[in-house]
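Here the structure is laid out as structure tokens; the discussion comes afterwards.
Number of protein chains: 2
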Amino acid sequence: MLSDVLLVSAPGKVILHGEHAVVHGKVALAVALNLRTFLQLQPHSSGKVSLNLPNIGIKRAWDVARLQLLDMSFLEQGDPTVPILEKLEKLKEVADFPEDCTDHERLAVLAFLYLYLCICRKQRWTAEDLELINKWAFQGEKVIHGNPSGVDNAVSTWGGALRYQQGKISSLKRPPALKILLINTKVPRSTKALVLNVRNRLLKFPKIVAPLLTSINAISLECERVLEEMATAVPAPEHYLALEELIDMNQHHLNALGVGHTSLDQLCQVTMAHGLHSKLTGAGGGGCGITLLRPDLTGPEVEAVKQALTGCGFDCWETSIGAPGVSVHTAASLDAPVWQALDGLCAGQWASSS
Amino acid sequence: MLSDVLLVSAPGKVILHGEHAVVHGKVALAVALNLRTFLQLQPHSSGKVSLNLPNIGIKRAWDVARLQLLDMSFLEQGDPTVPILEKLEKLKEVADFPEDCTDHERLAVLAFLYLYLCICRKQRWTAEDLELINKWAFQGEKVIHGNPSGVDNAVSTWGGALRYQQGKISSLKRPPALKILLINTKVPRSTKALVLNVRNRLLKFPKIVAPLLTSINAISLECERVLEEMATAVPAPEHYLALEELIDMNQHHLNALGVGHTSLDQLCQVTMAHGLHSKLTGAGGGGCGITLLRPDLTGPEVEAVKQALTGCGFDCWETSIGAPGVSVHTAASLDAPVWQALDGLCAGQWASSS
Chain Z
1 MLSDVLLVSA
11 PGKVILHGEH
21 AVVHGKVALA
31 VALNLRTFLQ
41 LQPHSSGKVS
51 LNLPNIGIKR
61 AWDVARLQLL
71 DMSFLEQGDP
81 TVPILEKLEK
91 LKEVADFPED
101 CTDHERLAVL
111 AFLYLYLCIC
121 RKQRWTAEDL
131 ELINKWAFQG
141 EKVIHGNPSG
151 VDNAVSTWGG
161 ALRYQQGKIS
171 SLKRPPALKI
181 LLINTKVPRS
191 TKALVLNVRN
201 RLLKFPKIVA
211 PLLTSINAIS
221 LECERVLEEM
231 ATAVPAPEHY
241 LALEELIDMN
251 QHHLNALGVG
261 HTSLDQLCQV
271 TMAHGLHSKL
281 TGAGGGGCGI
291 TLLRPDLTGP
301 EVEAVKQALT
311 GCGFDCWETS
321 IGAPGVSVHT
331 AASLDAPVWQ
341 ALDGLCAGQW
351 ASSS
Chain F
1 MLSDVLLVSA
11 PGKVILHGEH
21 AVVHGKVALA
31 VALNLRTFLQ
41 LQPHSSGKVS
51 LNLPNIGIKR
61 AWDVARLQLL
71 DMSFLEQGDP
81 TVPILEKLEK
91 LKEVADFPED
101 CTDHERLAVL
111 AFLYLYLCIC
121 RKQRWTAEDL
131 ELINKWAFQG
141 EKVIHGNPSG
151 VDNAVSTWGG
161 ALRYQQGKIS
171 SLKRPPALKI
181 LLINTKVPRS
191 TKALVLNVRN
201 RLLKFPKIVA
211 PLLTSINAIS
221 LECERVLEEM
231 ATAVPAPEHY
241 LALEELIDMN
251 QHHLNALGVG
261 HTSLDQLCQV
271 TMAHGLHSKL
281 TGAGGGGCGI
291 TLLRPDLTGP
301 EVEAVKQALT
311 GCGFDCWETS
321 IGAPGVSVHT
331 AASLDAPVWQ
341 ALDGLCAGQW
351 ASSS
């Protein structure tokens, strides 16, 4: 089945240190997460381009001939073309854009259609340049988020670990692959409201909060230093101890910024009861946390903490950070469970008509 | 009974903000606690000086004639006389010093005997100068602690709230009397070990911990500003909100310094479940915490949180801070319960033979 199929994947990401502080000009460390999104491109002869996003329950198809007749000249500006609001509105008008789904789903379809039409028109379908993939991924981010930082697409493109500060992104040299738990507290929160809370606290108590952001900045830099040291030397217990201390301090700092939540306190306490160290990742106020898994942990020890976390009602994935970026796969390069899962899902999935 | 008796009291104290940071040159705020130690001085004709410390189970008596025969000339240096180790060892030799009690009790007896003998020799028994009381109290502190900061004796002498930084102590102008809970987690800890931990963390992560201490310093200064504003204006809800935010931030900062404890986390969570804000006070790692009681709280609301705290196995006192300093009492100036408790305890208690 893989003979005429292109199968690619890209990693998710977590913020290791620097969330919120990054908004105020400080350093953040973003790391590729070995939980991957797979994309299968497959030609077929129906004359249609089909989009199948099983995880969010979307299955759509458009007639290619009809799309080619539409006036899409407005898309031909720049490279990659920046999705300004006007263009997106026009695209919704001219394409057969679905109206009967949630905002979340509509944004996913809009990002697909936009990238599909722009990339097809430019005959760039086969280009493998990571820079180009990153630029297009950034445009997809803009469709969905409006004003993304560029970190998410960069870390999913290049993988590993990235340092981000005031728009400047650089890769860490050979960061180690660290085992972690990614935990979703399932407590919903508004990133925008949390970012605003931090800004208000900075305005109310500038002399208290400014040095706190400086301290968080130093945590990100020290973490970067430890990760690079782990890459050049044999990782030692003291490296993991330092990573754990940095995680603890940053979690307390994020609490002091006012972006903690009782669910995150519970997450930290449950993992601490198993001798493991955790922090929130991203916006806080609920959302997700990460727990560092030291290499000395046994399988049953990891299982016990996972069970305790799911017992709290949290979702929990055992994975690693510092994962590879966007990748092309062959059947041989995939783990059997991943391959089986894809095979079950993919019959006629996201099939390009080109 | 009070006719030939001198009854005095002095307040306990808590650190409101700045514990640990003060060791590194930052500001600390110490406040007098309205939990008082009472001292009753009463002449009698037995020819003995008796010491009765019912709270720690000590009852001792010395023959005054015998004490006067001893060579105590080594005590006559300076004013007040600094209790150097050599003098204290000599005092243990020449006085009938009890050997059959704990270190804690022996130190209390030693401090009493030292102050009694020094002050009697200098005929200063009746002096009421607060400066002098404070200086003698400081010498008592030195007997027990070795190298005290001078804050504890100062706040118990003058009461109210004191600012302390690098050996300089100043009083806040008219600080408001704030209602608090003082909570003892009953988890024992070593102040010395905790202070050392903070120093080690500062040495290991200077760029992370130094700005954290700067942030704690700013919390103490902001708290001082809010307390002085409450003294000059009518205290408003936003004053209490700011005090609560400062308490929360400092508690997170103390956790980031590594001086938290699961018992203190529990204390904070239990009070937070009742909408109240708490922090550790003093060394941390267990020990005591304080909870701010806003003036809008009803009696039953306070009772509910006290019950929840005692349900955790903690001891809990409802009291206030910003209390008066060392005071002389008459029966009329004392609350009936205090008076009754003293009357029950005091028959022939701490009676001076002078």
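Line by line, the protein sequences are chains Z and F. Residue 1 is where the first sequence starts when you use the working numbering, and the numbers rise one by one after that. Residue 1 is where the second sequence starts when you use the working numbering, and the numbers rise one by one after that. Glycine included, every Cβ here is placed at the ideal spot set by N, Cα and C. For clarity, every value in this text was computed on a predicted model and none was experimentally measured.
Between residue i and the rest of its own chain, which residues show a CB-CB distance below 8 Å, the 5 nearest in sequence each way excluded?
i       : result
G325(Z) : A10, P11, A32, L130, V155, S156, T157, W158, G159, G160
C316(Z) : L181, L182, I183, N184, K306, L309, T310
G282(F) : V14, I15, E19, T191, C288
I58(Z)  : L51, N52, C101, E105, A108, V109
N217(F) : G18, A21, K26, V27
R253(Z) : With the sequence shown as reference, residue 253(Z) is identified as His, and Arg is not the correct amino acid for it. For H253(Z), where only same-chain residues beyond five positions count, the Cβ hits under 8 Å are L212, S215, I216, I219.
Does residue i pass the burial test, meaning 16 or more other C-beta atoms within 10 Å, or should it be called exposed?
i       : result
V226(F) : buried
G47(F)  : exposed
N55(F)  : exposed
K142(Z) : buried
I321(F) : buried
R174(Z) : exposed
L7(Z)   : buried
A347(Z) : Unreliable placement is indicated for A347(Z), whose pLDDT of 44 sits below 50; no coordinate value is reported for it.
Q340(F) : exposed
A137(F) : buried
E245(F) : buried
Q251(Z) : buried
R163(Z) : buried
A233(Z) : exposed
K279(F) : buried
D4(Z)   : exposed
P337(F) : exposed
V66(F)  : It should be pointed out that residue 66(F) corresponds to Arg in this sequence rather than to Val. Looking at its Cβ environment, which holds fewer than 16 other Cβ atoms inside 10 Å, R66(F) is exposed.
Under 6 Å Cβ to Cβ from residue i, same chain only, skipping five residues before and after it: list those, please.
i       : result
D248(F) : H277
A236(F) : none
G299(F) : none
G25(F)  : Q166
L213(F) : A21, H24, K26
T126(F) : At T126(F) the pLDDT is 41, less than 50, meaning the model places this residue with poor confidence; the figure from the coordinates comes in the next sentence. Taken in chain order, the list of residues that qualify is empty.
R36(F)  : S9, P11
G285(Z) : R189, L194, V259, H261
A111(F) : G140, V143, I144
Could you give the residue range of the beta strand (DSSP E) that holds residue i?
i       : result
T185(Z) : That residue, T185(Z), is in no beta strand (DSSP E); it is neither H nor E in DSSP.
S171(Z) : 168-171
H17(Z)  : 6-17
V49(F)  : 48-53
F38(Z)  : 28-41
A61(F)  : 58-63
I321(Z) : 315-321
A161(F) : 161-165
T397(F) : The question about residue 397(F) has no answer, for chain F in this structure spans 1 to 354.
Kindly indicate the opening and closing residues of the alpha helix (DSSP H) around residue i.
i       : result
L223(Z) : For clarity, residue 223(Z) is Cys in the given sequence; the question names Leu instead. First-last of the alpha helix (DSSP H) with C223(Z): 206-232.
T281(F) : Note, T281(F): premise wrong, no alpha helix (DSSP H); beta strand (DSSP E) at 278-281.
D265(Z) : 262-272
V259(F) : Counting along the chain, V259(F) falls outside any alpha helix (DSSP H), and DSSP gives it neither H nor E.
Counting only the same chain and skipping the five closest in sequence on each side, list residues whose C-beta sits under 7 Å from that of residue i.
i       : result
M230(F) : P176, H239
L221(Z) : V27
Q123(Z) : Legend: pLDDT at Q123(Z) = 42, less than 50; position of this residue unreliable, value from coordinates given subsequently. Closer than 7 Å at the Cβ level, and outside the excluded window around Q123(Z), lies no residue.
P83(Z)  : Y114, Q139, K142, V143
T319(Z) : L33, N34, L35, I180, L182
Among the options, whose alpha-carbon lies nearest the alpha-carbon of residue i?
i       : options                           : result
C223(Z) : G285(Z), L35(Z), I133(Z), L178(Z) : L178(Z)
S263(Z) : C312(Z), L257(Z), R294(Z)         : C312(Z)
I133(Z) : M272(Z), P337(Z), S327(Z)         : S327(Z)
L297(Z) : D63(Z), N197(Z), L334(Z), G275(Z) : G275(Z)
V187(Z) : F314(Z), E318(Z), L41(Z), D4(Z)   : F314(Z)
D63(F)  : L117(F), F38(F), N147(F)          : L117(F)
K168(F) : D343(F), D335(F), L29(F)          : L29(F)
A273(Z) : A61(Z), A210(Z), A304(Z)          : A304(Z)
Tell me whether residue i, by its Cβ, gets closer than 7 Å to a heavy atom of the ligand MG.
i       : result
G160(Z) : By its list of ligands, the structure shown contains no ligand whatsoever, and the ligand MG lies outside what it can speak to.
Residues from the region 14-27 of chain F in contact with chain Z, defined by Cβ distance under 9 Å: Hits within the stretch: zero.
Going along the chain, which residues of the region 201-217 of chain Z sit with their C-beta nearer than 9 Å to a C-beta in chain F? R201, K204, F205, P206, K207, I208, V209, A210, P211, L212, L213, T214, S215, I216, N217
Output needed in chain order: residues of the region 222-256 of chain Z with a Cβ under 9 Å from some Cβ in chain F. E222, A242, E245, L246, D248, M249, N250, Q251, H252, H253, L254, N255, A256
Quick one, which residues of the region 296-321 of chain F are near chain Z if we go by CB-CB under 7 Å, in chain order? Listed by position along the chain: nothing, the set is empty.
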